[in-house]
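Heads up: the sequence shown begins at 84 in the working numbering, then just goes up one per residue. In this text, a Cβ means the ideal position worked out from N, Cα and C, and glycines have one as well. To keep things clear, I will list the structure first and then write my remarks on it.
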Amino acid sequence: MNPGDLRALEPDFWRAPSAHNTQPWTLRYRDGSAEIGWDPAYALPVADPTGRDLRLGLGAFTETCLIVCADAGLAVGFRPDYDQARRRIGHLVAADEPYRTPFTVGDVRARRSGRVPYRPGRLDDAVFRTVAELAEAAGARTLRLPCRRLAGLLYDADRHMFGDPAVTRELRAWLRLSPRDPRYDRDGLTDRALRLGRAEALGLRAVLSPRAYPLLRRVGLPRLLAASSRGLLDYDGDVLVLVGPAGCPPEGQVAMGRVLMRQWLALSRLGHTTHPLSQIIDAPATRAALARLLDVDDPARLLSVVRVGRPAEPPPRSARRVR
């Protein structure tokens, strides 16, 4: 396996999704392989203390690498080798044949996640079966709920998020609310990705500033910000929940990230967009409530919550550090 061949493909590898668009993955080329790991500077230790979203993102990155290599005709496989202390999940290695996948680099480039409005309408049963079967093949389940059933939980989760000073401080570090921000075209959550107008972006930056937030938090800012998201689920649509196998270990969550990537690419091919709502399973109370609603025995098995539908407007392309 020629490292130069893989380096040339890195701009497409980096199109994988990650929480807050932090792009935490690393590639270290050595001894004829490429070690996939992560940089703790791009993790979310406060909002994602268990590392669930980190490992899902690393799995999505792994799947993306394999798809892009296969499209380029490179015989590359993945050898799992999870090591928390070394911040490593495994290696891209030479294989006998290219990775077998129905997806292409064009699918990787076309996929979008977006906070944009979606057209009303429930997910077609055949489309749902497609994504459900991808999960079942890996020992997981995908469940769906009408959007409005989760509107209250989303409000509670957002209120919890904006009410926690540490979580809000971490979120603020990844917001890119002005094109003048030097990091705007690199990573993070831009005003475009959040679908904020200029005035809204300036307002959010002001109320979350280190000077204003402590005071405003005491007089109801978390409730006000949470209320602004109510409309996201106030329509006839679907939310999909990925439920992992019982006792899923860290390396199993990496594998579930690969499943998620396959699901999102399949949905994208069919004209659908995804919008992660992971705050619902980040807050302990709303995670437990969702587990009860779905009759899932262990809330820790809830790995991903996403709004899915046909976008009413094109989602913006998110920034990447490697282009």
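Alpha-carbon spacing of residue i relative to residue j, whole angstroms
{"i": "D317", "j": "L206", "result": "16 Å"}
{"i": "A234", "j": "V405", "result": "36 Å"}
{"i": "I364", "j": "D264", "result": "30 Å"}
{"i": "L157", "j": "P229", "result": "42 Å"}
{"i": "L348", "j": "E253", "result": "29 Å"}
{"i": "A338", "j": "T145", "result": "9 Å"}
{"i": "S351", "j": "R195", "result": "7 Å"}
{"i": "R169", "j": "D122", "result": "10 Å"}
{"i": "T356", "j": "Y125", "result": "25 Å"}
{"i": "A372", "j": "A329", "result": "18 Å"}
{"i": "D179", "j": "M84", "result": "11 Å"}
{"i": "L285", "j": "D270", "result": "19 Å"}
{"i": "D190", "j": "R400", "result": "14 Å"}
{"i": "I172", "j": "D321", "result": "32 Å"}
{"i": "R300", "j": "G246", "result": "7 Å"}
{"i": "P203", "j": "L315", "result": "12 Å"}
{"i": "L232", "j": "L376", "result": "Reading off the sequence, residue 232 comes out as Arg, not Leu. In a straight line, the C-alpha of R232 is about 9 Å away from that of L376."}
{"i": "L258", "j": "L279", "result": "12 Å"}
{"i": "G120", "j": "V302", "result": "42 Å"}
{"i": "D95", "j": "P163", "result": "21 Å"}
{"i": "A155", "j": "V389", "result": "30 Å"}
{"i": "E93", "j": "V188", "result": "12 Å"}
{"i": "E219", "j": "T184", "result": "17 Å"}
{"i": "Q336", "j": "A91", "result": "28 Å"}
{"i": "R212", "j": "E283", "result": "39 Å"}
{"i": "L236", "j": "V159", "result": "42 Å"}
{"i": "Q346", "j": "D208", "result": "15 Å"}
{"i": "P333", "j": "P382", "result": "16 Å"}
{"i": "L417", "j": "P262", "result": "Any answer about residue 417 is impossible in this case: the structure gives the chain only from 84 up to 406."}
Proximity of residue i and residue j at Cβ, strictly below 8 Å
{"i": "A249", "j": "V129", "result": "yes"}
{"i": "L137", "j": "V342", "result": "no"}
{"i": "A153", "j": "Y182", "result": "yes"}
{"i": "V210", "j": "T225", "result": "no"}
{"i": "R198", "j": "L291", "result": "no"}
{"i": "L386", "j": "R227", "result": "no"}
{"i": "L175", "j": "F186", "result": "no"}
{"i": "A223", "j": "V151", "result": "no"}
{"i": "A402", "j": "Y267", "result": "yes"}
{"i": "T147", "j": "M344", "result": "yes"}
{"i": "G140", "j": "A102", "result": "yes"}
{"i": "A117", "j": "L89", "result": "yes"}
{"i": "C331", "j": "R384", "result": "yes"}
{"i": "Y201", "j": "A395", "result": "yes"}
8 Å CB neighbourhood of residue i in its chain, flanking five on each side removed
{"i": "Y238", "result": "A309, A310, S312, R313"}
{"i": "D380", "result": "A329, A374"}
Contacting residues, own chain, Cβ-Cβ under 6 Å from residue i (five flanking each side not counted)
{"i": "R288", "result": "L260"}
{"i": "M244", "result": "V250, Q362"}
{"i": "A366", "result": "A240, H243"}
{"i": "P398", "result": "R195, G197, V199, T356"}
{"i": "P86", "result": "Y112"}
{"i": "R275", "result": "P399"}
Outcome for residue i when other beta-carbon atoms lying within 10 angstroms are tallied against a minimum of 16
{"i": "A99", "result": "buried"}
{"i": "N104", "result": "buried"}
{"i": "P359", "result": "buried"}
{"i": "R281", "result": "exposed"}
{"i": "R113", "result": "exposed"}
{"i": "Q106", "result": "buried"}
{"i": "T273", "result": "buried"}
{"i": "D166", "result": "exposed"}
{"i": "P305", "result": "buried"}
{"i": "A374", "result": "buried"}
{"i": "D407", "result": "In the structure displayed, the chain extends from 84 to 406; residue 407 sits before or after that span and is not available."}
{"i": "L127", "result": "buried"}
{"i": "R111", "result": "exposed"}
{"i": "D319", "result": "exposed"}
{"i": "D131", "result": "buried"}
For residue i, the residue or residues it bridges with in DSSP
{"i": "E118", "result": "R111, H174"}
{"i": "R259", "result": "T273"}
{"i": "Y201", "result": "P394"}
{"i": "R242", "result": "R242 pairs with nothing; no bridge assigned."}
{"i": "G160", "result": "V176"}
{"i": "D321", "result": "P229, V391"}
Sequence-distant residues of the same chain with beta carbon closer than 7 Å to residue i, five excluded per side
{"i": "G354", "result": "R393"}
{"i": "G340", "result": "R138, L139, G140, L141, G142, A143"}
{"i": "A295", "result": "A289"}
{"i": "R255", "result": "L291"}
Near the ligand ATP: residue i beta-carbon under 7 Å from a heavy atom
{"i": "A155", "result": "You won't find the ligand ATP in this model; it holds no ligand whatsoever."}
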